[in-house]
Each structure stands twice: as C-alpha cells, then as structure tokens.
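Working notes, beginning with the structure itself.
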Amino acid sequence: MNAPDRVDVLIAGGGLVGAALAVFLGQHPAFRALDIAVVEARPFSDNFGGAQFDPRVVAIAESARARLAEAGVWSDALAARACPYYRMEVRDSAGTGAIHFDCTEIHRPDLGHIVENSALLGPLHKTIESMDNVRFIYSAIADVRRLDGGDSLLLSLADGSELTAPLVIAADGGNSLVRERCDFELRAWDYGHSAIVATVSGELDHNFVARQWFTDYGPLAFLPLRTAEGDCRFVSIVWSLNHEEAERLMACDEEAFCRELTQAGEYSLGSIVSISRRFLLPLRQRHAVNYVQPGVALVGDAAHTIHPLAGQGVNLGFADASVLAEELGRALERGLPLGHLSALERYQRRRKPANLAMMAAMEGFKRLFDAGPPVVRLLRNDGMNLLDRLGPMKNRLIRQAMGL
Numbered sequence: 037m038n039a040p041d042r043v044d045v046l047i048a049g050g051g052l053v054g055a056a057l058a059v060f061l062g063q064h065p066a067f068r069a070l071d072i073a074v075v076e077a078r079p080f081s082d083n084f085g086g087a088q089f090d091p092r093v094v095a096i097a098e099s100a101r102a103r104l105a106e107a108g109v110w111s112d113a114l115a116a117r118a119c120p121y122y123r124m125e126v127r128d129s130a131g132t133g134a135i136h137f138d139c140t141e142i143h144r145p146d147l148g149h150i151v152e153n154s155a156l157l158g159p160l161h162k163t164i165e166s167m168d169n170v171r172f173i174y175s176a177i178a179d180v181r182r183l184d185g186g187d188s189l190l191l192s193l194a195d196g197s198e199l200t201a202p203l204v205i206a207a208d209g210g211n212s213l214v215r216e217r218c219d220f221e222l223r224a225w226d227y228g229h230s231a232i233v234a235t236v237s238g239e240l241d242h243n244f245v246a247r248q249w250f251t252d253y254g255p256l257a258f259l260p261l262r263t264a265e266g267d268c269r270f271v272s273i274v275w276s277l278n279h280e281e282a283e284r285l286m287a288c289d290e291e292a293f294c295r296e297l298t299q300a301g302e303y304s305l306g307s308i309v310s311i312s313r314r315f316l317l318p319l320r321q322r323h324a325v326n327y328v329q330p331g332v333a334l335v336g337d338a339a340h341t342i343h344p345l346a347g348q349g350v351n352l353g354f355a356d357a358s359v360l361a362e363e364l365g366r367a368l369e370r371g372l373p374l375g376h377l378s379a380l381e382r383y384q385r386r387r388k389p390a391n392l393a394m395m396a397a398m399e400g401f402k403r404l405f406d407a408g409p410p411v412v413r414l415l416r417n418d419g420m421n422l423l424d425r426l427g428p429m430k431n432r433l434i435r436q437a438m439g440l
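Quick note on the numbering used here: the sequence shown kicks off at 37 and runs consecutively.
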C-alpha cells in the first residue's frame, strides 16, 4: 500500500465555513509556504440562476460580510446576486406585539444580506482554486483515526487514498465524522421542531424587508430574494413547526400549502402564487463540550448547531473560522508547531462564550414564544411593544446581531 499523503493542514469539509477557513488560512502570511488541503466529496457546481433559487440560503451579518470582503470574496458580482434587507419586522401572531428594525435608525446602508449558499460558495471555491498553498481533494471521508504516538490523524478516503496531517480541522457539519471518531463529547437535544424550507413568490414585492412571525406552532421567516433582473417578489421561507404540524403541511398540495402560508404571513406579499419544491429538515441543537484536542479543532456546525430562527448559524461559523486562522497564524509566528494545544485552546476561549450566549438566546426566544397561557402572551406582547418604543435599546440589540 502506498504511504499516506502528508499535508500541513487538513480541512475536512469544503462548505461555507470550511471554504472560508481555507481562504483565511491561505491568505495569512504565516501559511504561505505550507500545504493546506480541503477534503470535499465533489467539485462545486452551481445549477441555479434566474428565478431558480438555491433552497439553501443564509443571512449574512455585516461583520461576516466585511470579513469576506477583506478576503476578496464579497465582489460586486456576489453583491448583485445577494439581496440586502433594509428593515426587519418581528411579530407575535398570537397578539399585537411587534418590533420594527430599520437600517436608517442605526445609520447603516442595510441590516444584512440574504444569500443563496451556492452564490457564496462559488466565489469561495474560486478564490481557493487561485491559491498556490491551498488545494482541493475530492473524495468522501470514510474513516478517521489517530496514528500511533497520537501526534497526527489519518483520514481514509472513499477512493482508497489516505491523508495524514498534524492539524485536522473539522468543518464537516452537524453530523461530523471527524468529531465522532475523535470522541469529542457532545451535548444534543431535539427542539421538537422540523423546518419547512422553500422559495415562494407573491403578488407583491417584499420591499427589502425581512419578516418573522412567532406562531402557535413555531416561527415563520420570510427572507427576501431578488433575481438578476431585479424581480423582488421572491422570498425564502423557513417555517419551523412542531413535527406533527410540519408533516401535515408537507402533505398538503401546493395550492393548499400556499393558502395556509399566505394566511400565516398575514398577506404581507399579497397571495403566495408559486412555490418551489419543499424540504423538511429536523432541527436539533448540538454543542461540543470542547472544540479542540491536540491536533484537532471543530468549527461551524461540527462544533455547534442552533435553531435557525435568527439566522445566526453561519455567522457563528465564519467567526470561528476567522478567529481560528488568527490564532494559528499567531502560533506559527511564535514558533509553535501546528496543532499545538495552547493555540487551539486560545481559539476555544475566544469563541465558546459567544457561541454559548447565542445558543442560549435562541433557546430562550423559542421557549418564550412557545404557546402559553393568556397571561404569558399578554406580557410577551407588551414587552415586544415596549422594546419597539425604546429606540436606543432596540438599536443596540440589532447592532449586536450584526456583529458591530
């Protein structure tokens, strides 16, 4: 058998967070002479365009957009395909409570952008392909184990080849094989919700407003999209519901589903007139007790997954990638070997509190808006309306969500 191919840094997973990490590392001066490999099952392919939207979208906060722009990924072409939103409305469908956010109130050009996964992943992969110190290896990961002595990991790939590296970074998602094989302790629980994801169009333009309703069955989000021609009647929906209600709605035909969605969305787009294929995704929260071991680090969903109600998951992952690149670069400049636990622990200390705080906030919101007694609903609605009137507090909240 041939000897394993040895690389300096191995990133398991070339999705949004793994690809962003590869770009951040590849551009760092300390990594210019190193060999960085990204293991991904297959090359990127963008099959979407016009009114055919990728069903997977992300809400990019300003802090993440600025970091991507600094790396040269956020180009004019990407900005043209992304859809900014200037206002955001959060409503309690069980009452009159509502909060309105407006970019003009915080003196910003927008509150964020809704971007299709493929629209962002393409530029990330293109940037990687232009680098001399980063390369893709296209194959699925079949197994992971530590070599004798424990200073490196060996990855066996589906094509029969093997890779070894002194530092492996798991960016392989919520069901991370690297995390499992390296015996990271994981805390996980079911939210009791599934999310229906689809792209719909209405009679009216969304006017660059992101909308969210908290219903008795779970939160519903309308995330604005636009075609290259400027058609703004499209939104991506993320409708989180208890499992029974989600299954019922998935069983509806398109006409019946659009009718119920129109009502749940309070006719904000007029009637919903078309819908793409619907996808049903079970929602679970996961958090690794530790993000690091000697020679291994977890980033993005491999380290933590949260409820999608605030769209913060990928932003947490981009922040993981940025901080990890900084700490690894600092370690190399100090002469420490790749995978040294002290550098990885600095990454964990910087990211774990922020991730836990966001996870706790999302769990709190979910519990607060679960159907409850009338007195709880009354207090909840009064609280939302009070916050809406407290401009400085409300604006501080949205600036924090934007990472500003």
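Positions of the beta carbon are idealized from the N, C-alpha and C atoms, including for glycine. From a predicted model like this one, the values you see are computed outputs, not experimental measurements.
Proximity to residue i [Cα-Cα], best of the options
i, options, result
"P332", "L156, I47 and I164", "Before going further, note that residue 332 is Val rather than Pro in the sequence given. Among L156, I47 and I164, the Cα nearest to that of V332 is on I47."
"G427", "A292, D138 and M394", "D138"
"M167", "C218, T132, G108 and D146", "G108"
"G439", "D424, M394, N417 and G419", "M394"
"A246", "A58, E125 and G353", "E125"
"D42", "E290, P318, L285 and D187", "In the sequence as displayed, the identity of residue 42 is Arg instead of Asp. Of E290, P318, L285 and D187, the residue nearest in Cα terms is D187."
"F270", "S276, S312 and A355", "S312"
"D424", "D128, S304, P389 and R387", "D128"
"L319", "I142, E98, A282 and R385", "A282"
Contacts around residue i, its chain only, beta-carbon distance under 8 Å, and the 5 residues preceding and following it disregarded
i, result
"C288", "E296"
"L372", "S378 and A379"
Residue i, DSSP secondary structure in three states
i, result
"M37", "Note that M37 scores a pLDDT of 49, beneath 50, so its modelled location is shaky and nothing firm can be said."
"C218", "coil"
"G158", "helix"
"E265", "coil"
"D179", "strand"
"E76", "strand"
"F244", "coil"
"F270", "strand"
"F137", "strand"
"A390", "helix"
"T132", "coil"
First through last residue of the beta strand (DSSP E) which encompasses residue i
i, result
"P255", "G254 to L261"
"T510", "Missing from the structure shown is residue 510; the chain here goes from 37 to 440 and no further."
"D128", "R123 to D128"
"A48", "V45 to A48"
Residue i vs residue j beta-carbon contact at 8 Å
i, j, result
"G49", "G209", "yes"
"L374", "D44", "yes"
"R101", "H149", "yes"
"F244", "P120", "yes"
"I177", "V170", "no"
"L277", "G254", "yes"
"L199", "A73", "yes"
"N431", "A134", "no"
"A264", "A116", "yes"
Cut-off 6 Å between Cβ atoms - residues of its own chain near residue i, not counting five sequence neighbours on either side
i, result
"L114", "P159"
"C268", "D241, H242 and R262"
"R103", "S358"
"I308", "V236, G238, C294, L297 and T298"
"R223", "H323"
"L256", "W249, W275 and A300"
N-terminal and C-terminal residue of the alpha helix (DSSP H) that residue i is part of
i, result
"S65", "Reading the sequence as shown, one finds Pro at residue 65 and not Ser. Element bounds for P65: n/a, residue is neither H nor E."
Sequence-distant residues of the same chain with beta carbon closer than 7 Å to residue i, five excluded per side
i, result
"M37", "Residue placement at M37 is poorly supported in this model, since its pLDDT is 49, which falls under 50; the coordinates still yield a value, given next. Excluding residues within five positions, none has a Cβ falling inside 7 Å."
"F60", "A107, A357, S358 and A361"
"R78", "Y174"
"L352", "H340, N391 and M394"
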